[in-house]
Each structure stands twice: as structure tokens, then as C-alpha cells.
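A.B. asks: First to last, the protein sequences are chains A and B.
Just so we're aligned: 100 in our numbering is position 100 of the first sequence, and the numbers increase by one with no gaps anywhere.
Just so we're aligned: 118 in our numbering is position 118 of the second sequence, and the numbers increase by one with no gaps anywhere.
No residue lacks a Cβ here, since even glycine has one placed at the ideal position from N, Cα and C.
What you are looking at is a predicted structure, and each value in this text was computed from that prediction instead of being measured.
One structure is given below, represented as C-alpha cells, and several questions about it will come after.
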Amino acid sequence: GIDCQEGSRMCCRQEFFVDFREIGWHDWIIQPEGYAMNFCTGQCPLHVAGMPGISASFHTAVLNLLKANTAVGASGGGSCCVPTARRPLSLLYYDRDSNIVKTDIPDMAVEACGCS
Amino acid sequence: NLQTGSSCPACWGATFDLESQRELLLDLAKKSILEKLHLSQRPTLSQPVSRAALKTALQRLRGPHRQKTLLEHDPTQEYEVISFAETGLSSINQTRLDFHFSDRAAGGTDVRQVRLMFFVQLPSNATQTLNVRVLVLRPYDTNLTWTSQYPLQVDASGWHQLVLGPEARAACSQGHLSLELVTESQAAHGSVILGGFSHRPFVAARVRAGDKHRVHRR
């Protein structure tokens, strides 16, 4: 996978870190301090179409939804830039009754993107 | 984005301005986490929990036993010494490996564990049996003889490790460990990588600083 650099237009992984303190969630989420909600963006010209990709992911669902909405406006062909590797997000947090809960949410952090 | 008229972030030819979409992404993150935790909204704590209480709860989560073990086993007094093999005499299917430990690093200390790490390059679907022998000098004898032997079945290429017994630990604490690697055949012997910069066998000895290192106040 390729990490997005300044000015890169090719399909890449855009890093985006959500700091729980910034969104005021650090009081009920004990660990970690934030969530790497990386996402895939960029072009998939035909010559890279078909690079390995998987479709059963949260981002793909969103992308399909967006594609469906804008199918009319979409121009050009090729494949879409989607996650090809993901990892879970492990959370330690308080529930409503101040119990400590540990949960592993699968497929939450995108590790790599590809054209599929 | 339809409402804002700006281009879809994942569509063909789109460019994506991170900062202008920040609020949207933060909202998306919140929704996604709450949805996965099956929460309709973030929990609000009726009474905030102090850091000290949190620490106690987490320690309880780990369980009293773990805590005791940690107290007993004080890693600050332990360290690991690594020694790379010097390959000595070798015959068709045997090779001698010598490992040296400086007095300062291991001498007079309590060696807790000795692991031999070596790299094997096997043809696919091949397996191989080899023996690792620990060599010692017997009293009144100038030749090294083996005192214990570890048979090993290798079925994949890569690094393999073998934990050696008390004889090896004793030899390390005396500063010099000699091993002998014996394989079934010459061809099999070739698959064990003994030389080379990045695949040289080595020994990792976990050492506990002996009394000599501690200062006693009378």
C-alpha cells in the first residue's frame, strides 16, 4: 500500500488520527488515546485497476453508498481505491454504570489501500 | 457532499481537502465507534472515577497472582547476553560451534536460560532431523565430550530456537559454551546456515546479576 504524500493523486492510504481528547471522549474511553481512522482516496487508473483489494469492509460499504448516490455524475472508469489490510481497534472504556469494559472492534483501522 | 456540491472523496479524479472535511470525518468516527459498541450515544459518567480507583481496578483485572509473580521476578536485575557462534572443526555432517561470554557479562552470574537460535534453509515440503550436543571438558581429559543431546525435527525454513539445559547454563556462567550440530547427511547439513552476516547462529543467555554485583551493607 502507499501512504498519501503531498500532491500524490494515486490511490493511497490517507492517515487521519482522531484524538479522543479533542472530541471530548477521553473521560469515558480509558485507552487508547485515539483512533487511526485512516481511509483510502485517490485515482485508480486502468493500468493499476485490479490491484488486490477486499470489499467486505466498512469503508467499502460507505464507498458503495457514495458510488450509488453519484453514479450519474461519475465519469471515467477503472476501479475504486479501497482498503486491502485492516486491523482491529481495542477499546477500554467505562459504560453507563462506570464498569470497565474491554472490546476489540474488528476492521477499524485501515493499514493499506489498493485498487479493486 | 451532494448538498455541498463538492466532489465525492472516493470518486474518480477527486482531490480531497483534509482540513475542510475534518468535522465530517470526526463525526464519522464518532458514529462508527458508537455503532460498533452498540451504543446510541456516548456514556455519561454519573460519578467520575479517580485515577487511583482506576489503577486499582486494572490491577484487580490482572489478578493478584500476576501481581505477586511480578514482585518475585524483578526484571531490573536480569539482562540478556547474546554471543554469536564461532564455527570451528567440522566434518561431513557435524560442525562445532563455540560461544564466548566475557567475565563482565556472564561470569559469576546466575544464568537463568540459554537459547540457541539458528537459521535453516529447507527445500519446500522437506523435513529434517538434527541433533544439538552440549560439549564439556571432563576432569583429567583434554578432549571435549558431549554430555547432553537435543534432537530437533525441523519442517520449515527460517529461524529456529532451542532452549538448552543446565549443562549449557553452567558452561555459559563459566564463560565458554561449546555445541556440536549433527545432521543426518551432508546434504541436510548444507541447509543449516552457519556462516554469513545475517544468519549466523547465536546464543541468547538470560542472566540474573549475581551477588558479586550487589553491594551489601553490613
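Strictly under 8 angstroms for the Cβ-Cβ distance: is L110/A near chain B by that measure?
C.D. replies: Your numbering for residue 110/A matches position 110 in the first sequence. Looking at the sequence provided, one finds Val at residue 110/A rather than Leu. It does not: the Cβ of V110/A has no partner Cβ on chain B nearer than 8 angstroms.
A.B. asks: Leaving out five residues on either side along the sequence, give the residues of the same chain with a beta carbon under 7 angstroms from the beta carbon of V111/B.
C.D. replies: As a position in the second sequence, residue 111/B is number 111, starting the count at 1. So the list reads R169, C172, S173, A205, V207, once near-sequence residues are dropped.
A.B. asks: Hey, Q94/B and L181/B: beta-carbon distance below 8 angstroms or not?
C.D. replies: The residue you call residue 94/B lines up with position 94 of the second sequence. The residue you call residue 181/B lines up with position 181 of the second sequence. In contact: Q94/B and L181/B (Cβ atoms closer than 8 angstroms).
A.B. asks: Pick helix, strand or coil for C80/A, following the three-state DSSP scheme.
C.D. replies: Position 80 of the first sequence, counted from the first residue, corresponds to residue 80/A. Three-state DSSP puts C80/A in coil, outside helix and strand.
A.B. asks: In angstroms with no decimal places, state the Cα-to-Cα distance between L39/B and H160/B.
C.D. replies: As a first step, residue 39/B is located in the second sequence; it is residue number 39 there, counting from the start. As a first step, residue 160/B is located in the second sequence; it is residue number 160 there, counting from the start. So the two alpha carbons sit approximately 46 angstroms from each other.
A.B. asks: Note down, in chain order, every chain B residue with its Cβ under 8 angstroms from the Cβ of I126/A.
C.D. replies: There is simply no residue 126/A to check, as chain A begins at 1 and stops at 116 in what is shown.
A.B. asks: In the DSSP assignment, find the alpha helix (DSSP H) that holds A171/B and state where it starts and stops.
C.D. replies: Within the second sequence, residue 171/B is the residue found at index 171, counting from 1. Here the alpha helix (DSSP H) through A171/B covers 166-173.
A.B. asks: Shorter than 8 angstroms from the beta carbon of P224/B to some beta carbon of chain A?
C.D. replies: It is not possible to answer for residue 224/B, since the shown part of chain B is limited to 1 through 218.
A.B. asks: Which residues in chain A have a C-beta closer than 8 angstroms to the C-beta of Q47/B? List them in chain order.
C.D. replies: By one-based count along the second sequence, residue 47/B stands at place 47. By Cβ distance, chain A contributes S98.
A.B. asks: Based on DSSP bridge pairs, tell me the residues matched to L54/B.
C.D. replies: Translated into positions along the second sequence, residue 54/B becomes position 54. Answer is none; L54/B lacks a bridge partner.
A.B. asks: Taking DSSP's pairing of strands, which residues face Q31/A in a bridge?
C.D. replies: The sequence position of residue 31/A within the first sequence is 31, counting from 1. DSSP output for Q31/A lists L92/A as bridge partner(s).
A.B. asks: Skipping 5 residues on each side, what residues in its chain have a beta carbon closer than 7 angstroms to that of V117/B?
C.D. replies: Counting from 1 along the second sequence, the entry for residue 117/B is found at position 117. Strictly speaking, residue 117/B in this sequence is Met, with Val absent from that position. W159, Q161, P201, F202, A204.
A.B. asks: Locate the beta strand (DSSP E) running through L122/B, then write down its first and last residues.
C.D. replies: The sequence position of residue 122/B within the second sequence is 122, counting from 1. Careful: L122/B lies outside any beta strand (DSSP E) and carries neither H nor E.
A.B. asks: Can you say whether I30/A is buried or exposed, counting buried as having 16 or more other CB atoms within 10 angstroms of its CB?
C.D. replies: Residue mapping note: residue 30/A aligns to position 30 of the first sequence, counting from 1. With 16 or more Cβ atoms within 10 Å of its Cβ, I30/A is classed as buried.
A.B. asks: Measure from the C-beta of S20/B to each C-beta in chain A and report whether the shortest distance is under 8 angstroms.
C.D. replies: Locating residue 20/B in the second sequence gives position 20, counting from the first residue. No, S20/B does not count as interfacial toward chain A.
A.B. asks: If T41/A and C81/A are in contact, beta carbons under 8 angstroms, what's the gap, nearest whole angstrom?
C.D. replies: Walking along the first sequence from the start, residue 41/A turns up at place 41. Walking along the first sequence from the start, residue 81/A turns up at place 81. About 6 angstroms separates the two Cβ atoms, so the contact holds.
A.B. asks: Look at the alpha carbon of E80/B and the alpha carbon of L137/B, and state the distance between them as a whole number of angstroms.
C.D. replies: One-based indexing of the second sequence puts residue 80/B at position 80. One-based indexing of the second sequence puts residue 137/B at position 137. Roughly 25 angstroms separates the two Cα atoms.
A.B. asks: Around the Cβ of R130/B, are there at least 16 other Cβ atoms within 10 angstroms (buried) or fewer (exposed)?
C.D. replies: Locating residue 130/B in the second sequence gives position 130, where the first residue counts as 1. Residue identity check: residue 130/B is Leu in the sequence provided, not Arg. Looking at its Cβ environment, which holds 16 or more other Cβ atoms inside 10 Å, L130/B is buried.
A.B. asks: Just to confirm before moving on: does the CB-CB distance between L152/B and V134/B stay below 8 angstroms?
C.D. replies: The sequence position of residue 152/B within the second sequence is 152, counting from 1. The sequence position of residue 134/B within the second sequence is 134, counting from 1. Not closer than 8 angstroms, so no.
A.B. asks: Just list the residues that DSSP pairs D141/B with in beta bridges.
C.D. replies: Position 141 of the second sequence, counted from the start, is the residue given in the question as residue 141/B. Answer is none; D141/B lacks a bridge partner.
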